[in-house]
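K.L.:
4 protein chains.
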Amino acid sequence: MKTTIVAGNPKPASRTLDAAGLLARALTGSEPDHVVDVVSLGPGLLGWGDDAVASAVELVASSDLVVFASPTFKATYTGILKLFLDQFATGDGLKDVVAVPLMLGAGPAHAMAPDLLLKPVLVELGATTPAAGLYLLDSTYTTDTRIADYTERWGGVITSAATAGTESTS
Amino acid sequence: MKTTIVAGNPKPASRTLDAAGLLARALTGSEPDHVVDVVSLGPGLLGWGDDAVASAVELVASSDLVVFASPTFKATYTGILKLFLDQFATGDGLKDVVAVPLMLGAGPAHAMAPDLLLKPVLVELGATTPAAGLYLLDSTYTTDTRIADYTERWGGVITSAATAGTESTS
Amino acid sequence: MKTTIVAGNPKPASRTLDAAGLLARALTGSEPDHVVDVVSLGPGLLGWGDDAVASAVELVASSDLVVFASPTFKATYTGILKLFLDQFATGDGLKDVVAVPLMLGAGPAHAMAPDLLLKPVLVELGATTPAAGLYLLDSTYTTDTRIADYTERWGGVITSAATAGTESTS
Amino acid sequence: MKTTIVAGNPKPASRTLDAAGLLARALTGSEPDHVVDVVSLGPGLLGWGDDAVASAVELVASSDLVVFASPTFKATYTGILKLFLDQFATGDGLKDVVAVPLMLGAGPAHAMAPDLLLKPVLVELGATTPAAGLYLLDSTYTTDTRIADYTERWGGVITSAATAGTESTS
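Protein chains in written order, with the working numbering: chain A, 1 to 170; chain B, 1001 to 1170; chain C, 2001 to 2170; chain D, 3001 to 3170.
Here is the structure:
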């Protein structure tokens, strides 16, 4: 099972990226195979045809399980994450990919954003999204039990779906 | 695999119910095991503790696969469907249930409602929702290819998740 | 300026109704002219053509300013409120009505629901919705400053719109 | 009344920009005072502190009426528009600005996106959003009656709110 994390934070090596890694490890028991820190792709994100962007898209599209992570900007995912998602094909850009929407925020008020706002974009790209999205507080995600609780509740559903996808496409 | 259809149309024996049955048959290859035509539950829906409502809730909660179907009223699901969903426990009322959101409308303008509006309620109840929602035109769903196309695209994902749930809880 | 409050709580004389009254008073400086406690309309809500329901719809539709209030059930407005809203005409049922979406919840996690979920239904009915929605904690709304803060931030915008509507239709 | 149009299309001088101009002219009877074609701001959008970006933000924030226009990418607004919106202050970046969400798409399926997805971002920035959003078909917006119909239905509400804002801040 090939696992990738995608972090859409305008700051490189962000807590968003860190939290996505923690979640991937909790869900799969091992390090993610690939990391896409979207901001590192640079201005090529603003157009089409950039090689590094195309490689990152291909990497994500060929994964079995992907955590899509974003800080909360203006009560939703970031522009930079959406720039990257805009590069995928509608309908099947994430076909056979099990996607987990993850968002981090400073307070609890935006906890609905992963399911109401980020997940529908992933669905539009054709992803399989069996589980609820996850919302973390950026100040406590390393010490609270939210990732552990989420993994206990949804881990089996997610890995089962990701494994099923692996079998069906092999 | 126990399959149930739920139709939230204020009119009994509606096209909503019919379409839910067609979708369940397309996904599973057989008749749904149970049918909940919400309107038949009557005024007991307006309070708590009604026996017939409680039985219907239990039936749905113990199913492996449920199609939740609604006509489009005011650009979203109906009040009567939400009355029924309000009877389930938050977080785990639909745990281990694979739920498919289905909506019917007179025109194409509300095609985003199943994923943006109905699915999040099912997720809040703890349902597993691996696939995109489905939106049908109420005038052509018996003759167009939308149910067939949906089944080809998402049928494997849905039945695989419903079967996995069966195994994990047996 | 004719002001009405609508509360969609399955329990009569709820905190939802109380909070709607407090908000209306804060916005206008006086008691609301009319109160619709939806649950009091009873089973007539489940069909069409009930006289009491029709009167309540007419009352709301002819108001200048309406607070639509709901507790948070399953991360969104209640089924009983939606039953009532389903009785209005699409597109112009709330034409020339300035509508304020208000929701109460036990915790802060659902603070996005008034703007993402309740407001779009009011817009579909043709309401004018100039301001952000308001989300209150049901345990502290009588003692915290949220209603006062909201009124300071949005009161002028709301009453200006409601007054403009009054002039344009007189 | 100072009117500005903002177009968030990765292609400069797009139909998105053209449609925003048509809508602004229909609503106000004159050319927009300012035009922000977001893509022209370039890579400065990816960070913070760019002078051209800051000037565009200030221009928009000091307007009375702004049309925010986007093509539909992945069933919602574009990443490039969100990059620009991420530059505004949360809560009051668009205070006293009357904002109109406009989206263009190839087909009718995404007609709910302006109200469900774009408008909430504008509200989070503090904008006044009295009217329904507008969705146009990119192939027919110059010949169909949608802009005219929208202006007839909502023009008075929008310009009344924009004028009220002008008076209250003068």
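Positions of the beta carbon are idealized from the N, C-alpha and C atoms, including for glycine.
The beta strand (DSSP E) that contains D/Phe3068, what's its start and end?
P.N.:
Position 68 of the fourth sequence, counted from the first residue, corresponds to residue 3068 of chain D. Start and end: 3065-3071.
K.L.:
Who are the neighbours of D/Ala3131 on chain B, taking C-beta pairs under 8 Å?
P.N.:
Residue 3131 of chain D sits at position 131 when you count from the first residue of the fourth sequence. Going along chain B, no residue has its Cβ under 8 Å from D/Ala3131, so there is no contact; the nearest lies around 16 Å.
K.L.:
Between C/Thr2078 and C/Val2100, what straight-line distance do the alpha-carbon atoms span, to the nearest angstrom?
P.N.:
The residue labelled residue 2078 of chain C in the question sits at position 78 within the third sequence. The residue labelled residue 2100 of chain C in the question sits at position 100 within the third sequence. Distance between the alpha carbons of C/Thr2078 and C/Val2100 is about 16 Å.
K.L.:
For A/Lys207 and A/Leu65, I'd like the C-alpha separation in whole angstroms.
P.N.:
No information on residue 207 of chain A is available, as it lies outside the stretch 1 to 170 that chain A covers here.
K.L.:
What whole-angstrom Cβ distance do D/Leu3102 and D/Ala3019 have, given they're in contact under 8 Å?
P.N.:
What you label residue 3102 of chain D is simply residue 102 of the fourth sequence in a count that begins at 1. What you label residue 3019 of chain D is simply residue 19 of the fourth sequence in a count that begins at 1. About 7 Å separates the two Cβ atoms, so the contact holds.
K.L.:
Closest by CA to A/Leu41, which one among A/Asp33, A/Gly91, A/Ala52, A/Gly47?
P.N.:
The residue given as residue 41 of chain A occupies position 41 in the first sequence. The shortest Cα separation from A/Leu41 among A/Asp33, A/Gly91, A/Ala52, A/Gly47 belongs to A/Ala52.
K.L.:
Using DSSP bridges, identify the partner residues of B/Leu1104.
P.N.:
Taking the first residue of the second sequence as position 1, residue 1104 of chain B is located at position 104. Bridge partners of B/Leu1104: B/Pro1071, B/Leu1136.
K.L.:
Mind checking which residues open and close the beta strand (DSSP E) that includes D/Thr3004?
P.N.:
Locating residue 3004 of chain D in the fourth sequence gives position 4, where the first residue counts as 1. Its beta strand (DSSP E) spans residues 3003-3007.
K.L.:
Following the continuous beta strand (DSSP E) through B/Val1035, name the residue where it begins and the one where it ends.
P.N.:
Here residue 1035 of chain B is taken as the residue at index 35 of the second sequence, counted from 1. 1034-1037 is the span of the beta strand (DSSP E), which, as asked, contains B/Val1035.
K.L.:
Less than 7 Å separating the beta-carbons of B/Ala1164 and B/Tyr1135?
P.N.:
Within the second sequence, residue 1164 of chain B is the residue found at index 164, counting from 1. Within the second sequence, residue 1135 of chain B is the residue found at index 135, counting from 1. Not a contact, by the Cβ cut-off of 7 Å.
K.L.:
Taking B/Ile1158 as the reference, give the member of B/Tyr1141, B/Ala1131, B/Ala1148, B/Asp1138 with the closest Cα.
P.N.:
In the second sequence, the residue the question calls residue 1158 of chain B occupies position 158. It is B/Ala1131 whose Cα lies nearest to the Cα of B/Ile1158.
K.L.:
The alpha helix (DSSP H) that contains C/Phe2084, what's its start and end?
P.N.:
Translated into positions along the third sequence, residue 2084 of chain C becomes position 84. C/Phe2084 -> alpha helix (DSSP H) spans 2079-2085.
K.L.:
Can you give me, in chain order, the residues of the region 3110-3124 of chain D that have a beta carbon less than 8 Å from any beta carbon in chain A?
P.N.:
Against chain A - using a Cβ distance shorter than 8 Å - the residues of the region 3110-3124 of chain D are Leu3117, Pro3120, Val3121, Glu3124.
K.L.:
Whose Cβ in chain C lies nearer than 7 Å to the Cβ of D/Ser3160?
P.N.:
If you number the fourth sequence from 1, residue 3160 of chain D lands on position 160. Chain C residues near D/Ser3160: Ala2164.
K.L.:
Do C/Pro2010 and C/Val2035 come within 7 Å of each other at the CB atom, strictly closer than that value?
P.N.:
Within the third sequence, numbered from 1, the residue matching residue 2035 of chain C stands at position 35. Within the third sequence, numbered from 1, the residue matching residue 2010 of chain C stands at position 10. No.
K.L.:
Give the secondary structure of C/Ala2148 by DSSP, where H, G and I count as helix, E and B as strand, and everything else as coil.
P.N.:
Looking up residue 2148 of chain C in the third sequence gives position 148. Helix, per DSSP.
K.L.:
Using a Cβ-Cβ cut-off of 6 Å (strictly less than) and excluding sequence neighbours within five positions of C/Ala2026, which residues of its own chain qualify?
P.N.:
Within the third sequence, residue 2026 of chain C is the residue found at index 26, counting from 1. Hits under 6 Å: Ile2147, Thr2151.
K.L.:
Under 8 Å: do the region 1115-1125 of chain B and the region 56-72 of chain A share three or more Cβ pairs, one atom per stretch?
P.N.:
The region 1115-1125 of chain B is not in contact with the region 56-72 of chain A.
K.L.:
What's the call for A/Ser30, buried or exposed, on a 16-neighbour Cβ count within 10 Å?
P.N.:
Sequence index remark: in the first sequence, residue 30 of chain A carries index 30 (1-based). Under this definition A/Ser30 is an exposed residue.
K.L.:
If I'm right that C/Ala2085 touches C/Leu2125 with Cβ under 8 Å, what's the distance once you round it to whole angstroms?
P.N.:
Your numbering for residue 2085 of chain C matches position 85 in the third sequence. Your numbering for residue 2125 of chain C matches position 125 in the third sequence. Checking the sequence, you will find Leu at residue 2085 of chain C rather than Ala. Indeed they touch by this definition, with Cβ atoms about 7 Å apart.
K.L.:
Does the beta-carbon of A/Pro43 have 16 or more other beta-carbons within 10 angstroms, so that it is buried, or is it exposed?
P.N.:
The sequence position of residue 43 of chain A within the first sequence is 43, counting from 1. Exposed, since its Cβ has fewer than 16 Cβ neighbours within 10 Å.
K.L.:
Using a Cβ-Cβ cut-off of less than 7 Å, list which residues of the region 1053-1076 of chain B approach chain C; keep chain order.
P.N.:
Flagged, chain order: Phe1073, Lys1074, Ala1075, Thr1076.
K.L.:
Verify the CB distance criterion: does A/Thr128 have a CB-CB separation below 7 Å to chain B?
P.N.:
For the purposes of this step, residue 128 of chain A is taken as residue 128 along the first sequence, with counting starting at 1. Yes, because at least one Cβ of chain B sits closer than 7 Å to the Cβ of A/Thr128.
K.L.:
Under the three-state reduction of DSSP, which class applies to A/Thr142: helix, strand or coil?
P.N.:
The residue labelled residue 142 of chain A in the question sits at position 142 within the first sequence. In the structure shown, A/Thr142 sits in coil (DSSP, three-state: anything other than H, G, I, E or B).
K.L.:
At a CB-CB cut-off below 9 Å, which residues of chain D make contact with B/Pro1108?
P.N.:
For the purposes of this step, residue 1108 of chain B is identified with residue 108 of the second sequence, where counting begins at 1. Correct list: Gly3107, Pro3108, Ala3109, Ala3111.
K.L.:
Name the chain C residues whose beta carbon is nearer than 9 Å to that of B/Asp1086?
P.N.:
As a first step, residue 1086 of chain B is located in the second sequence; it is residue number 86 there, counting from the start. Per Cβ cutoff of 9 Å: Pro2010, Phe2073, Lys2074, Thr2078, Gly2079, Ile2080.
K.L.:
Could you work out which residue in B/Ile1080, B/Pro1114, B/Gly1049, B/Gly1093 is closest to B/Pro1012 when comparing CA atoms only?
P.N.:
The residue given as residue 1012 of chain B occupies position 12 in the second sequence. The option with the nearest alpha carbon to B/Pro1012 is B/Ile1080.
K.L.:
Just curious, the alpha helix (DSSP H) that D/Pro3120 is in, first and last residue?
P.N.:
Here residue 3120 of chain D corresponds to residue number 120 of the fourth sequence, with the count starting at 1. Start and end: 3119-3124.
K.L.:
What did DSSP end up calling C/Thr2128 once you bin it into helix, strand or coil?
P.N.:
Reading the third sequence from its first residue, position 128 is the one you call residue 2128 of chain C. If DSSP states are grouped into helix, strand and coil, C/Thr2128 belongs with the strands.
K.L.:
Assuming D/Asp3138 contacts D/Leu3104 (C-beta within less than 8 Å), just tell me the rounded distance between them.
P.N.:
Against the fourth sequence, residue 3138 of chain D aligns to sequence position 138. Against the fourth sequence, residue 3104 of chain D aligns to sequence position 104. Yes, D/Asp3138 and D/Leu3104 are in contact; Cβ-Cβ is about 4 Å, under 8 Å.
K.L.:
In three-state terms, what does DSSP make of B/Val1099?
P.N.:
For this step, residue 1099 of chain B is matched to residue 99 along the second sequence. As written in the sequence, residue 1099 of chain B is Ala, which differs from the Val given in the question. It is a strand residue.
K.L.:
Would B/Glu1083 count as contacting chain C if we go by Cβ distances under 7 Å?
P.N.:
Locating residue 1083 of chain B in the second sequence gives position 83, counting from the first residue. It should be noted that the sequence gives Leu, not Glu, for residue 1083 of chain B. Closer than 7 Å to some Cβ of chain C, the Cβ of B/Leu1083 qualifies, so yes.
K.L.:
Pick from B/Leu1045, B/Leu1022, B/Ala1007, B/Thr1004: whose alpha carbon is nearest that of B/Thr1143?
P.N.:
In the second sequence, counting from the first residue as 1, residue 1143 of chain B sits at position 143. Looking at the Cα atoms, B/Leu1022 is the closest of the given residues.
K.L.:
Interface residues of chain D around A/Thr90 at Cβ under 7 Å?
P.N.:
Taking the first sequence and counting its residues from 1, the one referred to as residue 90 of chain A is at position 90. Here the neighbours are Lys3074.
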